[in-house]
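Sequential numbering of the sequence shown, starting at 141, is according to this note's numbering. Think of the CB as a built atom: it goes at the ideal place given N, C-alpha and C, for glycine as much as any other residue. Since this is a predicted model, take the numbers as computed values, not measurements. One structure below.
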Amino acid sequence: MKNFFLFFIGFCFLVSCEQKAIEKPDNLIEKEKMDDIIYDLTLLQAMRGGYQATLDSNKVDVANYIYKKYKIDSLQFANSNRYYASDVAAYNRMFNRVNERLIANKAKADTLAKREEKLNLKKSSDTLNKKPKN
141 MKNFFLFFIG FCFLVSCEQK AIEKPDNLIE KEKMDDIIYD LTLLQAMRGG
191 YQATLDSNKV DVANYIYKKY KIDSLQFANS NRYYASDVAA YNRMFNRVNE
241 RLIANKAKAD TLAKREEKLN LKKSSDTLNK KPKN
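Below, the structure is given as structure tokens:
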């Protein structure tokens with residue numbers, strides 16, 4: 141996940157060094173949808189680190205998955221990303237929103253995992269404490 145963020149931060153700096161302003165593309169992806177795309181890309185990038193075999197066995201191509209899910213193409217994404225990255229402050233806010241969402245969803249997942257673990261421990265304990273019928 142760090143590599144993904146580093147890539148985009150580096151991209152931001154490169155784009156911000158350009159002298160001319162980036163024109164708004166005709167088929168610009170809306171900010172909210174772009175947030176969702178970056179969120180999904182971040183999750184999928186993290187999965188690559190820990191669950192590459194699962195992605196491979198299910199034949200998940202991250203880029204094609206994103207393009208199909210959001211009904212966009214690579215050029216539309218690249219142009220929209222370039223446009224948003226041209227305003228480094230706004231782009232940084234976009235990543236902050238994505239990061240906040242990741243943190244919130246991780247907290248929810250951790251809570252659910254703890255609840256599941258408690259249930260499993262209780263079931264295991266109940267099974268061990270049952271007296272056999274004679």
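Please work out which residues of its chain come closer than 8 angstroms, Cβ to Cβ, to Arg-188, disregarding the five sequence neighbours upstream and downstream, and give them in chain order. Indexing the sequence shown from 1 puts residue 188 at position 48. Correct list, in chain order: Leu-195, Val-202.
Would DSSP call Ser-226 helix, strand or coil? As a working note, residue 226 is residue 86 in the sequence shown. Three-state result, Ser-226: coil.
Once DSSP output is grouped into helix, strand and coil, what is the label at Leu-111? Examination of residue 111 is not possible in this model, given that the chain is present from 141 through 274 alone.
Judging by CA-CA distance, which residue of Tyr-223, Met-234, Thr-251, Glu-257 is the nearest neighbour of Pro-165? Taking the first residue of the sequence shown as position 1, residue 165 is located at position 25. That would be Tyr-223, whose Cα lies nearest to the Cα of Pro-165.
State the start and end residues of the unbroken alpha helix (DSSP H) segment that holds Val-202. Taking the sequence shown and counting its residues from 1, one reaches residue 202 at position 62. From DSSP, the alpha helix (DSSP H) with Val-202 extends over 202-210.
Which of helix, strand or coil DSSP assigns to Ile-162: Here residue 162 corresponds to residue number 22 of the sequence shown, with the count starting at 1. Correct three-state label for Ile-162: coil.
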